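Structure first, commentary second.
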Amino acid sequence: MSTNTVIAIDGYSSCGKSTLAKALARKLHFIYIDSGAMYRAVTLYFLREKINLHDHAAVEQALKNIHLNFNSRDYQSHITLNDEEVSEEIRQMPVSDNVSAVAAIREVRHEMVRQQQRMGRSKNIVMDGRDIGTTVFPDAQLKIFMTADPNVRAERRYKELVIKDPNITLEDVFENIAHRDYQDTTREESPLVRAKDAIILDNTNLSPDEQLQFALDKLSALLEP
Ligand code: CDP
Numbered sequence: 007m008s009t010n011t012v013i014a015i016d017g018y019s020s021c022g023k024s025t026l027a028k029a030l031a032r033k034l035h036f037i038y039i040d041s042g043a044m045y046r047a048v049t050l051y052f053l054r055e056k057i058n059l060h061d062h063a064a065v066e067q068a069l070k071n072i073h074l075n076f077n078s079r080d081y082q083s084h085i086t087l088n089d090e091e092v093s094e095e096i097r098q099m100p101v102s103d104n105v106s107a108v109a110a111i112r113e114v115r116h117e118m119v120r121q122q123q124r125m126g127r128s129k130n131i132v133m134d135g136r137d138i139g140t141t142v143f144p145d146a147q148l149k150i151f152m153t154a155d156p157n158v159r160a161e162r163r164y165k166e167l168v169i170k171d172p173n174i175t176l177e178d179v180f181e182n183i184a185h186r187d188y189q190d191t192t193r194e195e196s197p198l199v200r201a202k203d204a205i206i207l208d209n210t211n212l213s214p215d216e217q218l219q220f221a222l223d224k225l226s227a228l229l230e231p
């Protein structure tokens with residue numbers, strides 16, 4: 007029997023999943039894996055190579071040419087796409103506008119889930135995404151489903167993005183989040199849905215420290231004999 011611990015954090019776009027996941031990983035000395043960064047890096051490759059999302063053969067061939075790696079220094083999510091550091095570029099709007107369509111493709115999901123399961127095998131990990139508690143690690147010891155007021159989510163993400171792109175507007179960000187939530191919850195292949203055993207965490211009015219404490223309390227309650 008495996009003795010490793012897996013923490014699965016799922017939820018809507020821009021509701022602070024990665025902030026919580028990174029803080030938990032740092033505190034517990036777990037490995038942090040940002041599954042969204044993987045879908046974003048695949049999207050960047052598809053955009054650059056102009057892959058037709060409806061052409062299954064082209065998608066499958068492209069997936070074979072994509073090599074993703076995490077550099078887990080400082081519990082951040084530095085990801086490389088075929089050895090190129092793309093962590094900044096994958097957060098920009100062109101990728102955000104296309105990622106949910108790419109993440110809805112069955113072949114893409116199967117390949118990403120296969121890689122994610124391999125990364126988590128026999129290690130203590132925190133992984134955040136949309137289908138971690140339902141599909142990737144249905145046996146995770148702690149599952150958290152995060153949510154927050156959509157206006158608060160858009161404002162938080164806008165503040166992060168406007169530093170790098172002064173032309174971006176709050177409306178652009180709000181629309182992108184709403185559109186991705188719609189696509190992620192209505193797709194056929196492993197849609198975003200709360201796992202039955204996931205604990206809901208609404209962080210609209212919580213500080214990062216408060217949400218970390220909430221998760222640590224839940225974890226110790228679950229792991230107590
Ligand atoms: O950080 P943010 O909440 O904006 O999103 P992300 O975690 O970087 O994920 C980007 C997109 O990837 C999501 O909107 C989903 O379409 C997709 N995704 C997914 O389908 N499954 C996952 N496990 C993680 C992300």
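When the sequence shown is numbered by this note's numbering, its final residue is 231 and no position is left out of the sequence of numbers.
The beta-carbon is built from N, C-alpha and C at its ideal position, and this holds for glycine as well.
None of the values given here were measured: they were computed from a predicted structure.
- Tyr51 and Ala68 do touch by the CB rule: their CB atoms are close to 7 Å apart, below 8 Å.
- Taken through DSSP and simplified to helix, strand or coil, His185 comes out as helix.
- Secondary structure of Tyr164 (DSSP, three-state): helix.
- Excluding sequence positions up to five before and after Lys33, its CB lies within less than 8 Å of the CB of Leu218 and Leu222, all in the same chain and listed in chain order.
- For Gly17, there is no enclosing alpha helix (DSSP H); the residue is part of the beta strand (DSSP E) that begins and ends at Val12 to Gly17.
- Taking the Cα of Glu94 as reference, the smallest distance to any Cα among Ala43, Ile72 and Asn130 is reached at Ala43.
- Just so you know, the alpha carbons of Met99 and Thr191 end up roughly 20 Å apart.
- Here the alpha carbon of Tyr164 sits roughly 16 Å from the alpha carbon of Asp187.
- Taking C-beta atoms as the reference points, Phe36 and Ile131 count as a pair closer than 8 Å.
- Taking C-beta separations shorter than 6 Å and ignoring five residues to either side along the sequence, the partners of Asn88 in its chain run His73, following chain order.
- In this structure Asn209 is buried. Its beta-carbon is surrounded by 16 or more other beta-carbon atoms within 10 angstroms.
- Under the Cβ criterion (8 Å, minimum of three pairs), the segment 10-27 counts as touching the segment 135-153.
- In the structure shown, Thr141 adopts helical secondary structure according to DSSP, grouped into three states.
- Around Pro214, the same chain offers Thr25 as residues with beta carbons nearer than 6 Å, after the five sequence neighbours per side are excluded.
- Collapsing the DSSP output to three states places Phe52 in a helix.
- C-alpha of Ala31 to C-alpha of Cys21: approximately 18 Å in a straight line.
- Here the alpha carbon of Val48 sits roughly 11 Å from the alpha carbon of Glu55.
- Less than 8 Å separates the beta-carbon of Leu148 from that of Leu225.
- Its chain contains Ser20, Leu176, Val179, Phe180 and Ile183 as the residues whose beta carbon lies nearer than 8 Å to that of Ala160, once the 5 sequence neighbours on both sides are disregarded; these appear in chain order.
- For the segment 22-82, the continuous alpha helix (DSSP H) assignments of 4+ residues that do not extend past its boundaries occur at 23-34, 41-54 and 62-70, in sequence order.
- Within the same chain, Cβ atoms closer than 8 Å to the Cβ of Ala201 are found at Ala14, Asp16, Gly139, Thr140, Pro144, Lys149 and Phe151, the five residues on either side in sequence being excluded.
- The nearest non-hydrogen atom of the ligand CDP is 7 Å or more from the C-beta of Gly139.
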